[in-house]
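K.L.:
Before I ask anything, let me first share the structure, which is written out below as structure tokens.
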Amino acid sequence: MFMCGIAGYIDFRGKFNKKGLEDASEMMLHRGPDGKGSFYEASTGIIHRRLAIIDLEGGVQPMYNEDRSLVVVFNGEIYNFKELKGQLEKKGHHFTTLSDTEIILHGFEEWNTNCVDKFHGMFAFAVYNRKKGSIFISRDRCGEKPVYYCYQDGQLCFASEIQALLKILEEIPSPDYESIYLYLRLGYIPSPRSFFKGIKKLEAGSSIEFEEGKLKKWSYYKPVLKQNDESPTETDLCDELDAAIRNAVKKMMISDVPLGAFLSGGLDSSLIVAMMAREGDAPKTFSISFNEESYDESKYANWVSQWIGTEHKHHRVSFNDFESSLTLMLSFGEPFADSSGIPMYYLAKTTREDVKVALSGDGADELFGGYRRYLAQDILRYYLAIPLKIRDQLIRKMLSHLADGDTYYAYSFVKSAKIFIERAEECRSGTPGLMLNSVFSHNDIMMLFPDFPDGRHLIEEYFDQINLKNIEALMYADRVLYLADDILVKVDRMSMRNSLEVRTPYLDPEVMAVSERIPIEMKIKGRNLKYLLKKVALRYLPLEIVNRKKHGFMVPMSNWIKASGEKEIRAKMPNLINLKALDQILIPHFKNKRDNSQKIFTLMILDCYL
786 MFMCGIAGYI
796 DFRGKFNKKG
806 LEDASEMMLH
816 RGPDGKGSFY
826 EASTGIIHRR
836 LAIIDLEGGV
846 QPMYNEDRSL
856 VVVFNGEIYN
866 FKELKGQLEK
876 KGHHFTTLSD
886 TEIILHGFEE
896 WNTNCVDKFH
906 GMFAFAVYNR
916 KKGSIFISRD
926 RCGEKPVYYC
936 YQDGQLCFAS
946 EIQALLKILE
956 EIPSPDYESI
966 YLYLRLGYIP
976 SPRSFFKGIK
986 KLEAGSSIEF
996 EEGKLKKWSY
1006 YKPVLKQNDE
1016 SPTETDLCDE
1026 LDAAIRNAVK
1036 KMMISDVPLG
1046 AFLSGGLDSS
1056 LIVAMMAREG
1066 DAPKTFSISF
1076 NEESYDESKY
1086 ANWVSQWIGT
1096 EHKHHRVSFN
1106 DFESSLTLML
1116 SFGEPFADSS
1126 GIPMYYLAKT
1136 TREDVKVALS
1146 GDGADELFGG
1156 YRRYLAQDIL
1166 RYYLAIPLKI
1176 RDQLIRKMLS
1186 HLADGDTYYA
1196 YSFVKSAKIF
1206 IERAEECRSG
1216 TPGLMLNSVF
1226 SHNDIMMLFP
1236 DFPDGRHLIE
1246 EYFDQINLKN
1256 IEALMYADRV
1266 LYLADDILVK
1276 VDRMSMRNSL
1286 EVRTPYLDPE
1296 VMAVSERIPI
1306 EMKIKGRNLK
1316 YLLKKVALRY
1326 LPLEIVNRKK
1336 HGFMVPMSNW
1346 IKASGEKEIR
1356 AKMPNLINLK
1366 ALDQILIPHF
1376 KNKRDNSQKI
1386 FTLMILDCYL
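Have a look at this one:
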């Protein structure tokens, strides 16, 4: 098992770019400090950076099959590799290593491109067929491991990170302003788009094959929006979910290097740690804290740690960390404005000081209904039934005069109310703003950047088949967009920046399969989010931990921006911006009339790339 970096190219024009590929390898040193390997043949090249977790002595990549007709590079883990190994040995395949990389080679020999249907894990890999001169590239179901690619003029280049891919390309592509529009709406650029024209992200659950200069792409996995099933009982589903999560935790605890877990003190990570402790000794656990008390969850993490009996360590994130955050956020290779990437980096850094692998609680909110915005659908229906004149003259005007609070909960309530009103009006006009958890509205973007293209049709393209009034559809959209292109991107880049492997038991295929069988009424019961997951958690954790109000992985960005000073922040705004429109964002923020920190941080990040 390897957390790694991969890259390569195949050029049917006969060109050869060994230096570009070697430069790409050095660019991804952080993804694989334990070693590197390469394969070159005619106008094809493949490289690999290695962070070894299992079979530390074997599993060197690129790896070949017996007759050396297939070459593979692999980033990730196949958790069911032992089961698949047994199946393949019965079919006559012989193995020479203990590595799951070899499973991909023999699996490809046996099942061809359908092999990915068999793999349970997080992965991005490429198999080069030397006889056919073709290459097959695939990405895991949820998008835990990244792949970027560029296909043009009979050439295919790919890499784990954009920065590495740029080293292979002959020219750096120009920015894609439609992608920038989406970034300003969402705070990230959704797949398959990227910041650069011509560079694409391979979507989660997708594969591509490049043969004879032609590219073919398809999806092998899509989450189930709503599964028509017999009506299972709550007890039966609770038992199934318990067993699936516990089995996923057990599989993901297999490691030949020290292993620990992230622990925020919230439901999701606490349940994972409690299950780990049931499987053996309590793991080492890690968290972050803040100087600002209302944002600091460390007391809850300490409480859970003491209750379970873990050895716990935390890192305090401060304003000084924010000052260096712009350089840190360049690690994403394209604009990415999820400010929780900052504490995620320091959490990974602190964790890596003691262990090489960590389990996390990511994915539970999307699978089991954990976001408060899922509760907003009924409120939205009632709000839009109020006559427009009353909404404008009473509700919206009253909220506009209400200052955002300084504490976490006051801030959260007031800002959520203001965002709700703004996005509800967009929903009234047909734009799915409420669901998107948007940073900027369409009107905001057009005022700030009058020369930008009108990107409303881009939003519609992503959601043209989703009923936005259906909570299950909102959860589906969060799985295929927010989870894949924000949460998991943040975890991968910040953990790999510190050469740390992060495993996510909630995203195990068996857990996801159970989640798709759970009726929405058992995920969200009344106003009780993650109802069934909480029922499972009560088998392992005390009621006080399970029912604690969700905090979220938020940072005191508003305070940090104010501490930087308005002059300093203005100097970090994009040159293309309309200054009058910018004043409407900065001045209210620095006068404590409205918290625009998310918008300001989004613009600061964009300035790093324009």
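Heads up, the sequence shown is in the working numbering, so the first residue is 786 and it goes up one at a time. Positions of the beta carbon are idealized from the N, C-alpha and C atoms, including for glycine. These figures come from a predicted structure and were not determined experimentally.
Please go through the same chain and pick out, in chain order, the residues whose beta-carbon is closer than 8 Å to the beta-carbon of residue 958, but skip the five residues on each side of it.
P.N.:
Residue numbering aside, residue 958 sits at position 173 when the sequence shown is read from its first letter. 935, 981, 982, 983 and 984, listed in sequence order.
K.L.:
How long is the line joining the alpha carbons of residue 831 and residue 793, rounded to whole angstroms?
P.N.:
The count along the sequence shown starts at 1 and reaches residue 831 at position 46. The count along the sequence shown starts at 1 and reaches residue 793 at position 8. Approximately 4 Å, taken between the alpha carbons.
K.L.:
With distance defined between alpha-carbon atoms, name the residue in 803, 944, 1347 and 1157 nearest to residue 1316.
P.N.:
In the sequence shown, residue 1316 corresponds to position 531, counting from 1. The shortest Cα separation from residue 1316 among 803, 944, 1347 and 1157 belongs to 1157.
K.L.:
So, for residue 1214: in the same chain, excluding its five sequence neighbours on each side, which residues have a beta-carbon less than 8 Å away from its beta-carbon?
P.N.:
Your numbering for residue 1214 matches position 429 in the sequence shown. Bear in mind that the predicted position of residue 1214 carries a pLDDT of just 49, short of 50, making it too unreliable to give a figure here.
K.L.:
Going residue by residue through the stretch 1066-1133, where are the continuous beta strand (DSSP E) segments of at least 3 residues, counting only ones entirely within it?
P.N.:
Qualifying beta strand (DSSP E) stretches, in chain order: 1069-1075 and 1096-1102.
K.L.:
From the DSSP output, in three-state form, read off residue 910 for me.
P.N.:
The residue labelled residue 910 in the question sits at position 125 within the sequence shown. DSSP places residue 910 in strand when its eight states are reduced to three.
K.L.:
Can you tell which of 1036, 929, 962 and 961 has its C-alpha closest to the C-alpha of residue 946?
P.N.:
The residue labelled residue 946 in the question sits at position 161 within the sequence shown. By alpha-carbon distance to residue 946, the top candidate from 1036, 929, 962 and 961 is 929.
K.L.:
Going by the DSSP bridge assignment, what does residue 828 pair with across the sheet?
P.N.:
Walking along the sequence shown from the start, residue 828 turns up at place 43. Residue pairing by DSSP places residue 828 in no beta bridge whatsoever.
K.L.:
Buried or exposed for residue 1386, going by 16 or more other Cβ atoms inside 10 Å?
P.N.:
In the sequence shown, counting from the first residue as 1, residue 1386 sits at position 601. So residue 1386 ends up on the buried side.
K.L.:
Mapping the DSSP letters down to three states, classify residue 801 as helix, strand or coil.
P.N.:
Within the sequence shown, the letter at position 16 stands for residue 801. Residue 801 falls in the coil class under three-state DSSP.
K.L.:
Here's the rule: buried if 16 or more other CB atoms are within 10 angstroms of the residue's CB, otherwise exposed. What is residue 1141?
P.N.:
Locating residue 1141 in the sequence shown gives position 356, counting from the first residue. Residue 1141 comes out buried.
K.L.:
Quick check on DSSP: helix, strand or coil for residue 1293?
P.N.:
If you number the sequence shown from 1, residue 1293 lands on position 508. Three-state DSSP puts residue 1293 in coil, outside helix and strand.
K.L.:
Going by DSSP in three states, residue 1304 sits in which element: helix, strand or coil?
P.N.:
Taking the sequence shown and counting its residues from 1, one reaches residue 1304 at position 519. Residue 1304 falls in the coil class under three-state DSSP.
K.L.:
Assuming residue 1059 contacts residue 1287 under a Cβ cut-off of 8 Å, what Cβ separation, rounded to an integer in Å, is found between them?
P.N.:
Position 274 of the sequence shown, counting from 1, holds the residue named residue 1059. Position 502 of the sequence shown, counting from 1, holds the residue named residue 1287. Between residue 1287 and residue 1059 the Cβ distance is about 19 Å, and since that is not below 8 Å, they are no contact.
K.L.:
Among 1121, 1139, 1110 and 1023, which has the Cα closest to the Cα of residue 1068?
P.N.:
Translated into positions along the sequence shown, residue 1068 becomes position 283. It is 1139 whose Cα lies nearest to the Cα of residue 1068.
K.L.:
What separation, rounded to the nearest whole angstrom, lies between the Cα atoms of residue 1111 and residue 1353?
P.N.:
Counted from its first residue, the sequence shown places residue 1111 at position 326. Counted from its first residue, the sequence shown places residue 1353 at position 568. Approximately 13 Å, taken between the alpha carbons.
K.L.:
Please name the residue, chosen from 1375, 1326, 811 and 1357, that lies closest to residue 1344 on a Cα-to-Cα basis.
P.N.:
Position 559 of the sequence shown holds residue 1344. Residue 1375 is the option with its Cα nearest to residue 1344.
K.L.:
Output the distance between the C-alpha atoms of residue 1413 and residue 1318, rounded to the nearest integer angstrom.
P.N.:
In the structure as shown, the chain starts at 786 and stops at 1395, and residue 1413 therefore has no counterpart that could be examined.
K.L.:
Quick one: measure Cβ to Cβ for residue 1093 and residue 1132, integer angstroms, because I've assumed they're closer than 8 Å.
P.N.:
Start at 1 with the first residue of the sequence shown, and residue 1093 comes out as number 308. Start at 1 with the first residue of the sequence shown, and residue 1132 comes out as number 347. Not quite, the Cβ-Cβ distance comes to about 18 Å (not below 8 Å), so this is no contact.
K.L.:
Can you give me the Cβ contacts of residue 1293 inside the same chain, cut-off strictly under 6 Å, excluding the 5 residues immediately before and after it?
P.N.:
For this step, residue 1293 is matched to residue 508 along the sequence shown. 1033.
K.L.:
CB residue 989 to CB residue 1269, shorter than 8 Å?
P.N.:
Looking up residue 989 in the sequence shown gives position 204. Looking up residue 1269 in the sequence shown gives position 484. Closer than 8 Å, so yes.
K.L.:
Tell me, please, whether the CB atom of residue 967 is closer than 8 Å to any CB atom in chain D?
P.N.:
Absent from the structure is chain D; it holds one protein chain and no more.
K.L.:
Give the C-beta separation of residue 760 and residue 913 to the nearest angstrom, bearing in mind that I take them to be a contact with Cβ-Cβ under 8 Å.
P.N.:
Here the chain covers residues 786 to 1395 and nothing more, so residue 760 does not appear.
K.L.:
Return the first residue and the last residue of the beta strand (DSSP E) that residue 1278 is part of.
P.N.:
Here the question's residue 1278 lines up with position 493 in the sequence shown. Counting along the chain, residue 1278 falls outside any beta strand (DSSP E), though it belongs to the alpha helix (DSSP H) covering 1273-1281.
K.L.:
DSSP puts residue 1045 in a beta bridge; with which residues?
P.N.:
Position 260 of the sequence shown, counted from the first residue, corresponds to residue 1045. Paired residue(s): 1069 and 1143.
K.L.:
Over what stretch of residues does the beta strand (DSSP E) that includes residue 1288 continue unbroken?
P.N.:
As a first step, residue 1288 is located in the sequence shown; it is residue number 503 there, counting from the start. Residue 1288 -> beta strand (DSSP E) spans 1286-1288.
K.L.:
Mapping DSSP to helix, strand and coil, what is residue 1239?
P.N.:
On the sequence shown, position 454 is the one that residue 1239 refers to. Residue 1239: coil per DSSP, three-state reduction.
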